[in-house]
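Top to bottom, those sequences are chains A and B.
Under our numbering, think of the first position of the first sequence as 1, with each following residue one higher.
Under our numbering, think of the first position of the second sequence as 1001, with each following residue one higher.
Every residue gets a Cβ at the ideal spot worked out from N, C-alpha and C, and that includes glycine.
What follows is a set of notes on a single structure, which appears directly below.
Number of protein chains: 2
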Amino acid sequence: MPRPPSRRIVSSLGEFELIKILQQTLANCSLPSPRGIGDDAAIIKPTSDDEWLVSKDLLLEGIHFDSSYSSYQAIGYKSAAVNISDMAAMGGTPKFLLVGLAIPPSHPLAHVQALYRGLRDLCKEFRISVIGGDTVASRTDVCISMTIIGKVKAGHALCRGGAKVGDSIYVTGTLGDSGAGLRLLQHRSTQQTRQLPKSVVRFLIQRHLHPTPRVHLGQLLAKRRLASAAIDLSDGLSGDLHHLCEASHVGAEIEMSKIPISSQCAKYIKNRHESRIDLTLASGEDYELLFTVSPHHQQPLKRMAARLGHMITRLGTICAHQQGLHLLLEDGSRQGLPRNSYEHFPL
Amino acid sequence: MPRPPSRRIVSSLGEFELIKILQQTLANCSLPSPRGIGDDAAIIKPTSDDEWLVSKDLLLEGIHFDSSYSSYQAIGYKSAAVNISDMAAMGGTPKFLLVGLAIPPSHPLAHVQALYRGLRDLCKEFRISVIGGDTVASRTDVCISMTIIGKVKAGHALCRGGAKVGDSIYVTGTLGDSGAGLRLLQHRSTQQTRQLPKSVVRFLIQRHLHPTPRVHLGQLLAKRRLASAAIDLSDGLSGDLHHLCEASHVGAEIEMSKIPISSQCAKYIKNRHESRIDLTLASGEDYELLFTVSPHHQQPLKRMAARLGHMITRLGTICAHQQGLHLLLEDGSRQGLPRNSYEHFPL
Chain A
1 MPRPPSRRIV SSLGEFELIK ILQQTLANCS LPSPRGIGDD AAIIKPTSDD
51 EWLVSKDLLL EGIHFDSSYS SYQAIGYKSA AVNISDMAAM GGTPKFLLVG
101 LAIPPSHPLA HVQALYRGLR DLCKEFRISV IGGDTVASRT DVCISMTIIG
151 KVKAGHALCR GGAKVGDSIY VTGTLGDSGA GLRLLQHRST QQTRQLPKSV
201 VRFLIQRHLH PTPRVHLGQL LAKRRLASAA IDLSDGLSGD LHHLCEASHV
251 GAEIEMSKIP ISSQCAKYIK NRHESRIDLT LASGEDYELL FTVSPHHQQP
301 LKRMAARLGH MITRLGTICA HQQGLHLLLE DGSRQGLPRN SYEHFPL
Chain B
1001 MPRPPSRRIV SSLGEFELIK ILQQTLANCS LPSPRGIGDD AAIIKPTSDD
1051 EWLVSKDLLL EGIHFDSSYS SYQAIGYKSA AVNISDMAAM GGTPKFLLVG
1101 LAIPPSHPLA HVQALYRGLR DLCKEFRISV IGGDTVASRT DVCISMTIIG
1151 KVKAGHALCR GGAKVGDSIY VTGTLGDSGA GLRLLQHRST QQTRQLPKSV
1201 VRFLIQRHLH PTPRVHLGQL LAKRRLASAA IDLSDGLSGD LHHLCEASHV
1251 GAEIEMSKIP ISSQCAKYIK NRHESRIDLT LASGEDYELL FTVSPHHQQP
1301 LKRMAARLGH MITRLGTICA HQQGLHLLLE DGSRQGLPRN SYEHFPL
């Protein structure tokens, strides 16, 4: 008797049967050959007044995700979200996704299907077509590799290198939620966690597992040329502001009191007696946009954000390169902004 | 005293210092931000009468490569070659490469630099720019993920699905060299191997480690519309002919006596008493092109190949789908063509 599908393991299928099942899982988010899956390469047809944006992310088990506290569906969703967020940071419209998956053959097929369902959910939301990829065996860990292709009107892409002295520094949404969510996932059953309202725990974990790529706002910033530079917050505010300032050859000063945090994150900080600075500056994966705005674009930006319901907050100002990067604390003191973001290869 | 560069390990560098070193290694094969490395995405500008081809490959330590018998430079070269070969199979011109690398932080920096030197060599040869990627830590194995973007004149891409009944089946180069080279690498110091001339061993190993993507011939086939369908031989002639025939809904008959083998491979087969059928049909990674040609394109194809010095061999004929795939043996007997190519997730 054949096993029920959910208990089958990957090695009980051939590579090509697996690919067929995954194409079914993707349903109308996949494009068939010759425009998509099934040939040596996918073919895409550009329109003449657009530029294409291409970005690639590699996500490793035990480094970027941990299936002991994250479902495979959430892992699939987040892997795609991280990649789509790069398009948001460039002001582009994500169009096509290529998905590489390396997985030990002993994994249940259900894991792979859940992973694809997760990324399909996000592809549906943003009308992205999965046009190709590669599905191979690995010896121990799961490895996910995504390449996203998007488009932007020629000359309108938001780059990191355009910030000018005097520009204001803005951020979308709230910071620290994802970092708090991660810590809650890692210490889920502690006494302290149980003291927090369930809705708070759920919200923060959800923000870690299901970040929202700020595609729509990124598109508006690019289309209306409202931002001089932009980056998405993957490494943490501190590290990513350093990246933006280095690319733009400028310095920056931000005010600690201005950093937007959610009421849920505030409750978490109180419950844990954690450092608000550490959580909002150094923990990454919020996938909010950090962007700079010239003085005469501030009013149009604020009007647009208010009208369309986008939460944006002004954090500080771009200054000259030689002034460095500083943080203005709530007691009025001023300190250098440390570069303490996530480091893959720590010194 | 700082360690000499060659002895430094990856974790002695920050992620961004590592990226800088790798950009230096790539030298003039990399494009800087905003067109390449250094922003959230690379920006590429299409021209209006081209289509873009995109392909992605994932290569895993212990599955696709083994550093116990392959240098990191060879691993880098081959990873790029595999990807570029997909462009050749579509008749495209490779233009841009994105390189994802996951590596345990304890690896020597010299390994990473050698890997990048290897892919740089091939990028130089084909004038490909490395425009982005991702460099992350892994727990155990090295994982390489490449995405290649190429272009082709609109409507000219060679797909797998275009073969018609009566078309001839052609292959470039010689088959089986890579498989023989792999077996020699795996059993380098056996008595049998020592009986083979060194030049034979070197040739076959070189063909395994440094396959030649058939970009130029693929471009000609596409430009002059000489091929009705094409695929590159990564899984082996048998498996890849099945892929092409399935996509085209046709059958095929090939003659064993026509399969081109090199004199070196013939010596290897004699030395090992190996099955010529197994080696040339079932062992993969030759990265030659398999393509089909309609009757009235055969003469122009032969003239073009002769003039430009491309080795091509006619193997057989495309027949109706219901006739299936067959192999005509040297004794005149006929057998079904087994689908015994490399299988990532064997049943």
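Whole-angstrom distance between residue j and residue i, CA atom to CA atom
i         : j         : result
B/ILE1021 : B/ALA1089 : 33 Å
A/HIS249  : A/GLY36   : 41 Å
B/THR1025 : B/HIS1107 : 17 Å
A/MET1    : B/GLU1274 : Because the pLDDT at A/MET1 is just 44, under 50, the model does not fix this residue reliably, and the value given afterwards should be weighed accordingly. Between A/MET1 and B/GLU1274, the C-alpha separation is close to 39 Å.
A/GLY236  : A/HIS187  : 21 Å
B/ASP1049 : B/VAL1082 : 27 Å
A/ARG3    : A/LEU327  : Interpretation of A/ARG3 is limited by its pLDDT of 46, a score under 50 that renders its predicted location unreliable; the figure taken from the coordinates is listed afterwards. Looking at the two C-alpha atoms, the distance is approximately 59 Å.
B/LYS1267 : B/ILE1044 : 48 Å
A/VAL10   : A/ILE277  : 44 Å
B/ASP1066 : B/CYS1143 : 12 Å
B/VAL1165 : B/LEU1119 : 40 Å
A/GLY181  : A/VAL201  : 7 Å
A/CYS231  : B/GLY1062 : Sequence inspection shows Ile at residue 231 of chain A; the Cys mentioned does not correspond to that position. Going by the C-alpha atoms only, they are around 36 Å apart.
A/THR212  : B/TYR1116 : 34 Å
B/THR1280 : B/CYS1029 : 35 Å
B/PRO1338 : A/GLY14   : 15 Å
A/ILE312  : A/ALA80   : 24 Å
A/ALA247  : A/GLY161  : 4 Å
B/HIS1064 : B/SER1145 : 12 Å
B/ILE1348 : B/HIS1297 : Outside the shown range of chain B, which is 1001 to 1347, sits residue 1348 of chain B, and nothing can be said about it.
B/ALA1077 : B/LEU1325 : One point to set straight first is that residue 1077 of chain B is Tyr, not Ala, in the sequence displayed. Approximately 34 Å between the Cα atoms of the pair.
A/LYS153  : B/SER1085 : 31 Å
A/THR47   : A/ARG303  : 31 Å
B/GLY1038 : B/ARG1139 : 25 Å
A/MET87   : A/ALA163  : 19 Å
A/ARG8    : B/PRO1094 : 39 Å
Proximity test, residue i beta-carbon vs the ligand SAH heavy atom, cut-off 7 Å
i       : result
A/ALA81 : What this structure holds is no ligand at all, so the ligand SAH is not there to describe.
Spatially closest choice to residue i from the options, by CA coordinates
i         : options                                    : result
B/SER1168 : B/ASN1340, B/TYR1072, B/LEU1290, B/LEU1119 : B/LEU1290
A/LEU221  : A/CYS123, A/THR172, A/THR190               : A/THR172
A/HIS242  : A/HIS321, A/VAL201, A/THR313               : A/HIS321
B/ALA1041 : A/CYS159, A/GLY176, A/SER178, A/ARG225     : A/CYS159
B/SER1413 : B/ALA1247, B/ALA1110, B/HIS1296            : Residue 1413 of chain B lies beyond the residue range present for chain B, which begins at 1001 and ends at 1347; the question has no answer from this structure.
B/TYR1287 : B/SER1262, B/GLN1299, B/LEU1233            : B/LEU1233
B/LEU1184 : B/LYS1198, B/HIS1216, B/ASP1039            : B/LYS1198
A/ILE174  : A/GLY284, A/CYS245, A/ALA114               : Sequence inspection shows Thr at residue 174 of chain A; the Ile mentioned does not correspond to that position. Among A/GLY284, A/CYS245, A/ALA114, the Cα nearest to that of A/THR174 is on A/GLY284.
B/VAL1215 : B/ARG1127, B/THR1292, B/CYS1245            : B/ARG1127
B/TYR1069 : B/VAL1152, B/LYS1153, B/SER1189, B/LEU1329 : B/SER1189
A/GLY239  : A/ILE148, A/GLY336, A/LYS153               : A/GLY336
B/ASN1340 : B/ALA1282, B/LEU1217, B/ARG1303            : B/ALA1282
B/GLY1179 : B/ALA1163, B/HIS1210, B/VAL1152            : B/HIS1210
A/ILE269  : A/GLN195, A/ALA163, A/GLY38, A/ARG303      : A/GLN195
A/PRO295  : A/LYS223, A/THR317, A/PHE96                : A/THR317
B/ARG1307 : B/ALA1229, B/ASP1057, B/LEU1217            : B/LEU1217
A/ALA229  : A/GLN299, A/ALA157, A/SER257               : A/ALA157
B/LEU1058 : A/GLN299, A/ALA305, A/LEU98, A/ARG224      : A/LEU98
Check whether residue i and residue j have beta carbons under 8 Å apart
i         : j         : result
A/LEU53   : A/GLY155  : no
B/ASP1141 : B/LEU1060 : yes
B/LEU1018 : B/THR1135 : yes
A/ALA137  : A/PRO104  : yes
A/ASP177  : A/GLN264  : yes
A/ILE261  : A/LEU315  : no
A/ASN271  : A/GLN191  : no
B/GLY1309 : B/GLN1219 : no
B/SER1055 : A/GLY100  : no
B/CYS1123 : B/VAL1112 : no
B/ALA1114 : B/TYR1170 : no
B/LEU1226 : B/VAL1293 : yes
Strand pairing of residue i, partner residues [DSSP]
i         : result
A/TYR170  : A/PHE291, A/ARG314
B/PRO1094 : B/GLY1150
B/ILE1269 : Looking at the DSSP assignment, B/ILE1269 forms no beta bridge with any residue, so it has no partner.
B/SER1145 : B/LEU1058, B/GLY1100
B/SER1129 : B/PHE1096
A/GLY251  : A/CYS319
A/HIS326  : A/GLU253, A/GLY336
Taking one C-beta from the segment 247-259 of chain A and one from the segment 193-212 of chain A each time, how about it: are there three or more such pairs within less than 8 Å? Taking 8 Å as the limit for Cβ pairs, the verdict is that the segment 193-212 of chain A does not touch the segment 247-259 of chain A.
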